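Top to bottom, those sequences are chains A and B. Per this note's numbering, the first sequence starts with residue 19, numbered consecutively. Per this note's numbering, the second sequence starts with residue 68, numbered consecutively.
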Amino acid sequence: QKEVEQDPGPLSVPEGAIVSLNCTYSNSAFQYFMWYRQYSRKGPELLMYTYSSGNKEDGRFTAQVDKSSKYISLFIRDSQPSDSATYLCASQSSASKIIFGSGTRLSIRP
Amino acid sequence: GAVVSQHPSWVICKSGTSVKIECRSLDFQATTMFWYRQFPKQSLMLMATSNEGSKATYEQGVEKDKFLINHASLTLSTLTVTSAHPEDSSFYICSARERWDSEQYFGPGTRLTVT
Numbered sequence: 019q020k021e022v023e024q025d026p027g028p029l030s031v032p033e034g035a036i037v038s039l040n041c042t043y044s045n046s047a048f049q050y051f052m053w054y055r056q057y058s059r060k061g062p063e064l065l066m067y068t069y070s071s072g073n074k075e076d077g078r079f080t081a082q083v084d085k086s087s088k089y090i091s092l093f094i095r096d097s098q099p100s101d102s103a104t105y106l107c108a109s110q111s112s113a114s115k116i117i118f119g120s121g122t123r124l125s126i127r128p
Numbered sequence: 068g069a070v071v072s073q074h075p076s077w078v079i080c081k082s083g084t085s086v087k088i089e090c091r092s093l094d095f096q097a098t099t100m101f102w103y104r105q106f107p108k109q110s111l112m113l114m115a116t117s118n119e120g121s122k123a124t125y126e127q128g129v130e131k132d133k134f135l136i137n138h139a140s141l142t143l144s145t146l147t148v149t150s151a152h153p154e155d156s157s158f159y160i161c162s163a164r165e166r167w168d169s170e171q172y173f174g175p176g177t178r179l180t181v182t
């Protein structure tokens with residue numbers, strides 16, 4: 019079993035839709051949860067960072083972590099074509115290496 | 068945010084030759100640098116972690132004699148793929164952090180094609 023599981027998609031939605039991306043993880047020691055956005059042939063960039071359970075909002079993006087169910091979510095409101103990318107969830111325990119999900123390819127149709 | 072650069076961005080080499088990839092932190096001193104490999108439609112897999120002035124720590128299954136990592140300064144790490152073969156063709160990404168509790172910043176990646 020992978021430590022971080024993510025549906026690879028692809029996911030295609032119309033512009034303006036709400037996008038929901040999800041991951042599950044298995045390691046109870048994970049405390050830090052991240053979402054990275056990776057455009058084609060580019061390195062990943064940190065989008066959202068959450069410590070422990072709870073919600074975090076940044077503009078059109080909301081990250082949710084539910085440690086009781088080991089579930090990580092990213093919501094994108096008012097999706098734009100420029101949001102088309104691969105989204106990687108990631109988790110980490112204190113001072114350990116980052117474990118990445120396999121990434122979900124998202125396409126926003128104009 | 069901080070910037071990490073990689074050079075080259077794309078390289079083609081012949082089977083059996085060696086290729087060096089550079090990773091630089093441009094506006095901060097990176098005590099730790101990481102090297103990842105990403106195959107098409109797959110996630111980033113950590114290959115090794117290097118601390119400035121120390122030998123790199125390799126992940127299980129990664130051949131340290133094939134993937135030579137040097138972290139000689141606080142702003143530069145290099146990955147040398149020795150005796151490259153077509154199966155080494157991949158997207159190599161480095162990342163760097165200033166302290167153990169700092170954010171990891173990722174480089175833009177280097178696409179290696181071995182013919």
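Beta carbons: idealized from backbone N, C-alpha and C, even for Gly. The structure presented is a predicted model; accordingly, all values stated were derived computationally and were not measured.
8 Å Cβ cutoff, residue i in contact with chain A
| i | result |
| --- | --- |
| B/Gln-171 | yes |
| B/Ile-79 | no |
| B/Ile-160 | yes |
| B/Arg-178 | yes |
Through-space distance from residue j to residue i, alpha-carbon basis
| i | j | result |
| --- | --- | --- |
| A/Thr-122 | A/Pro-62 | 13 Å |
| A/Gln-24 | B/Val-148 | 30 Å |
| B/Tyr-159 | A/Ser-87 | 33 Å |
| A/Met-66 | A/Lys-74 | 8 Å |
| B/Gln-105 | A/Lys-85 | 28 Å |
| B/Gly-174 | B/Ser-162 | 6 Å |
| A/Thr-104 | B/Ala-139 | 33 Å |
| A/Phe-48 | A/Ser-112 | 8 Å |
| A/Lys-60 | B/Gly-176 | 6 Å |
| A/Ile-36 | B/Phe-134 | 43 Å |
| B/Thr-180 | B/Cys-80 | 6 Å |
| B/Ser-72 | B/Glu-170 | 16 Å |
| B/Ile-136 | B/Ala-123 | 6 Å |
| B/Pro-75 | A/Arg-55 | 22 Å |
| A/Pro-26 | A/Leu-124 | 9 Å |
| A/Ser-46 | B/Leu-113 | 21 Å |
| B/Glu-126 | B/Ser-150 | 20 Å |
| A/Thr-80 | A/Ser-58 | 23 Å |
| A/Thr-42 | B/Val-70 | 30 Å |
Residues that residue i contacts on chain B, provided the C-beta gap is smaller than 8 Å
| i | result |
| --- | --- |
| A/Leu-106 | Ser-110 and Leu-111 |
Listed by chain order, chain B residues near residue i by CB distance under 7 Å
| i | result |
| --- | --- |
| A/Gln-51 | Per the sequence presented here, residue 51 of chain A reads as Phe, with Gln not at that position. In chain order: nothing, as chain B lies at least about 14 Å away. |
| A/Ser-120 | Gln-109 and Ser-110 |
Residue i and residue j closer than 8 Å at C-beta
| i | j | result |
| --- | --- | --- |
| A/Trp-53 | A/Leu-92 | yes |
| B/His-152 | B/Ser-82 | yes |
| A/Asn-40 | A/Ile-90 | yes |
| B/Leu-111 | A/Phe-51 | no |
| B/Glu-165 | B/Gln-96 | yes |
| B/Gln-109 | A/Ser-102 | no |
| A/Gln-19 | A/Ser-44 | yes |
| B/Thr-116 | B/Thr-99 | yes |
Any chain B beta carbon closer than 8 Å to residue i
| i | result |
| --- | --- |
| A/Arg-59 | yes |
| A/Leu-64 | yes |
| A/Lys-74 | no |
| A/Lys-115 | yes |
| A/Pro-14 | Because chain A spans 19 through 128 in this model, residue 14 of chain A falls outside it and cannot be assessed. |
Contact set between residue i and chain A, taken where Cβ atoms lie within less than 8 Å
| i | result |
| --- | --- |
| B/Pro-175 | Lys-60 and Gly-61 |
| B/Ile-88 | Within 8 Å Cβ-Cβ: nothing; B/Ile-88 doesn't reach chain A, min ~13 Å. |
Within chain A, partners of residue i - CB distance below 7 Å
| i | result |
| --- | --- |
| B/Arg-104 | Simply none; closest approach about 12 Å. |
*With contact counted as at least three CB pairs below 8 Å, one residue from each stretch, are the segment 139–147 of chain B and the segment 87–96 of chain B in contact?*
yes
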